[in-house]
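The structure under discussion appears below in the form of structure tokens.
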Amino acid sequence: MTIPFPFTAVVGQDDLRLALLLNAVSPSVGGVLVRGEKGTAKSTAVRALTSLLPEVAVVPGCRFSCDPASPDPGCPDGPHEGGGGDASRPARMVELPVGASEDRLVGALDIERALAEGVKAFEPGLLAAAHRGILYVDEVNLLHDHLVDLLLDAAAMGASYVEREGVSVRHAARFLLVGTMNPEEGELRPQLLDRFGLTVEVSASREPDQRVEVVRRRLAYDDDPAGFAARWADEEAAVRQRIVAARELLPSVRLGDGALRQIAATCAAFEVDGMRADIVMARTATALAAWAGRTDVLAEDVRQAALLALPHRRRRNPFDAPGLDEDKLDEALEEFSGSSGDDGPDPDGDGGGPGGGGGQPEPDEGPAGDDTGARPEDGEGEPAPGGAGEQSPVRASEPFRARTLSVPGIGEGAAGRRSRARTEHGRTTGAHRPRGALTKLHLAATVQAAAPHQRARGRSGLGLVVRRDDLRQAAREGREGNLVLFVVDASGSMAARQRMSAVKGAVLSLLLDAYQRRDKVGLVTFRGSAADVALPPTSSVDAAAARLESLPTGGRTPLAAGLLKAHDVLRVERLRDPARRALVVVVTDGRATGGPEPVALASRAARLFAAEGVASVVVDCESGPVRLGLAGRLAGELGGTAVTLDDLRADSIAGLVKDVQRRAA
């Protein structure tokens, strides 16, 4: 058995440790989402928490960990009779792999026995194992949508349902949800994000002494895990006893009207949606008081609760940085401090527990400024004043709602929400023989296959005689995520007409759409004499938005270089992720002025995409009374469709997908 790294031996990360301990004191807080760069002890701290939790009393022999004091009347292993005794086991932490199947999460029902014998043979899944414990998801932002849906259902109802072809099994599933993630790899769906009670941002210390201590302890643990754990046994025991004491004190903690008004005023000041934030803050402030050994909730508890419970709830879109404006928080607390009878807000935000409230992110910047950085176009196509390599001060305009662009045909890529695909989840479109284990039974097709053979098989009872060869797998059609590769013209011809702000706003809108549809995104820019991969394909639209914000502009227009660079990116990506189809979005006015024979070379580069059947859309940025139609010509050579910036804003793009499909036919 692997000996976990001691919780009390984790260096720094005070907010992370405090958030986990508060959930240990009061599981109703709702779990923790830990966001941070790799190598910051996120997983280590979470796994170490389990050894600090009190043991759990269970009904002997129950696979679903029923509480002897109040067993689940609908337990599949029940009914449990009173007086049958009880047993205890250590608190359990169950890890959900991001690549787990649906059956592994919710459990598996034996369809063959259910059809042939009428028996509900059910094998519990991870949700059953996590009941009354911790369900931990590392890299939770990479979890497939169908698993996220199941988690949301279980978290909302406190139970897991397995239903297949009229056969249903239900069991209790109340667990503490803990997730860790690296924001560079993509964000969470808003519904799942809101299910986490608290969130913590972690980062590696920049203090040399603290980094030395981290390395020293880790090396000591790796050399002798048992000996290292023994040296921290007293500290672990002290924290374990403090958790038990805080749990016992928790029912006696008083949450006064003054503290409730501060909570309500804080949530209102930060314009969070719904009432879950108020409830989580109230539970967190109560747990903070119990952890500190107090029976009254003070203003410092409310402040610390806000720092843990609100940052992820005040985000309006994935481009908003997490965190709170602490000055604004103090103002909201101060406004109602007089009526509470509590002390004023603690500027240090200690919260009575380890770590206090330090290390919170800086407040967000204000809204993007106006377009003040456009440059006049140079008649010879040379860089505009300011130098070819200067960073453009142009900020993106507010993104507008973008219409859906999709790839024609039916794919088999990663689950998402953009293009049609054959998937394990979605509407049923047909049936076929299973190529492996049966996962989705098509009942009508199975009965139809078995019916002609009943007399030959000697059927005598009511049951249908079903054999393996009769089983039919349901063919389903859902949606997939694609690779959306943006190829953005950043040359002087674009900046000169003061269009870069609008262009950035359009690309931001498409990036937001890509985030919502679970796509990977990449960004290629071209200007001067070459093209650059500003962002290799990634699931993080935050990273793409940041690169777009600081996009340099000016110089000639090497359109061919941009297209060839994009073609090279797609070639490499096909080797890494062959099932994910690509959608290339070229944002340009169609000019080509860089390199020898720029127009002819750009035309040949475009025809490479058409020959390989790559779906493409050209966003035409040409403006002014005289239009050359170069972007439309480029779209024809790409085998794609041209739209304008105005088309992206309007409903007139509704026929775009049909146009792409007609051209691909």
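FYI, in my numbering the residues of the sequence shown are 749 to 1413. Note that beta-carbon positions come from the ideal geometry of N, C-alpha and C, so glycine has one too.
For residue 1113, which residues of its own chain have a beta-carbon under 7 Å away from its beta-carbon, when the five flanking residues on both sides are left out? Confidence in residue 1113 is poor, its pLDDT being 37 and thus under 50, which makes the residue's placement too unreliable to answer from.
According to DSSP, residues forming a beta bridge with residue 919: 908
CB contact flag (residue 1238, residue 1275, <7 Å): yes
Would the beta-carbon of residue 790 fall within 7 Å of that of residue 928? Taking 7 Å as the cut-off, the beta carbon of residue 790 is found closer than this to the beta carbon of residue 928.
What whole-angstrom Cβ distance do residue 1285 and residue 1272 have, given they're in contact under 8 Å? The pair is not a contact, with the Cβ atoms about 10 Å apart (cut-off 8 Å).
Can you give the beta carbon distance from residue 774 to residue 1040, rounded, assuming they're within the 8 Å contact cut? With 8 Å as the limit, residue 774 and residue 1040 do not qualify as a contact, their Cβ atoms being about 13 Å apart.
Buried or exposed: which applies to residue 910, given that a residue is buried once 16 or more other Cβ atoms fall within 10 Å of its Cβ? buried
Own chain residues within Cβ distance below 6 Å of residue 945, not counting five before or after: 777, 778, 779 and 1028
Where residue 1340 and residue 1368 are concerned, what is the direct C-alpha to C-alpha distance, given to the nearest angstrom? 14 Å
Report the start-end ranges of each alpha helix (DSSP H) in the segment 1189-1235 that is 4 residues or longer and not cut off at the edges. 1191-1198
Could you pull the DSSP bridge partners for residue 1368 from this structure? In DSSP, residue 1368 forms a bridge with 1336 and 1392.
Kindly indicate which three-state DSSP category residue 1241 falls into: helix, strand or coil? Helix, per DSSP.
If distances are taken between C-alpha atoms only, which option among 1222, 1009 and 835 comes closest to residue 1190? 1222
Who does residue 856 pair with in a DSSP beta bridge? 871
So which of 759, 799, 1074 and 948 has the shortest CA-CA distance to residue 955? 759
If you draw a straight line from the alpha carbon of residue 1364 to that of residue 788, how long is it in whole angstroms? 40 Å
Distance CB(residue 1382)-CB(residue 1342) smaller than 7 Å: no
Backbone CA spacing between residue 972 and residue 978 [nearest angstrom]: 10 Å
State the CB to CB distance for the pair residue 853 and residue 898, rounded to an integer number of angstroms; the pair is presumed to be in contact (CB under 8 Å). 6 Å
Are residue 880 and residue 813 touching if we call contact CB-CB under 7 Å? yes
So which of 1332, 1306 and 796 has the shortest CA-CA distance to residue 1389? 1332
Simplified DSSP state of residue 1029, which is helix, strand or coil: helix
Helix, strand or coil for residue 1135 per DSSP? Since pLDDT at residue 1135 reaches only 39, below the 50 mark, its modelled position is unreliable, and the value read off the structure follows with that caveat. DSSP places residue 1135 in coil when its eight states are reduced to three.
Since residue 1235 contacts residue 1314 with CB under 8 Å, what's their CB separation in whole angstroms? 5 Å
Measure the CB-CB distance between residue 1010 and residue 1050 and report whether it falls below 7 Å. yes
C-alpha distance - residue 762 paired with residue 960, whole-angstrom precision: 17 Å
Per DSSP, cross-strand counterpart(s) of residue 836: Answer is 805, bridged to residue 836.
Name the one or two DSSP bridge partners that residue 1274 has. 1237 and 1279
Closest by C-alpha distance to residue 1280, when choosing among 1290, 1305 and 1258: Ranking 1290, 1305 and 1258 by Cα distance to residue 1280 puts 1305 first.
Just confirm the distance between the C-beta atoms of residue 873 and residue 855, as a whole number of angstroms; I'd bet it's less than 8 Å. 4 Å
Kindly identify the DSSP beta-bridge partner or partners of residue 783. 929 and 949
Label residue 1288 either buried or exposed according to how many other C-beta atoms from any shown protein chain fall within 10 Å of its C-beta, with 16 as the threshold for buried. buried
Buried or exposed, going by whether 16 or more other CB atoms sit within 10 Å of the CB of residue 766? buried
With H, G and I counted as helix, E and B as strand and the rest as coil, what does DSSP make of residue 1072? DSSP places residue 1072 in coil when its eight states are reduced to three.
Check each candidate in 933, 887, 890 and 895 and name the one with the smallest Cα separation from residue 875. 895
DSSP-derived helix/strand/coil call for residue 820: In the displayed model, residue 820 falls within coil according to three-state DSSP, outside both helix and strand.
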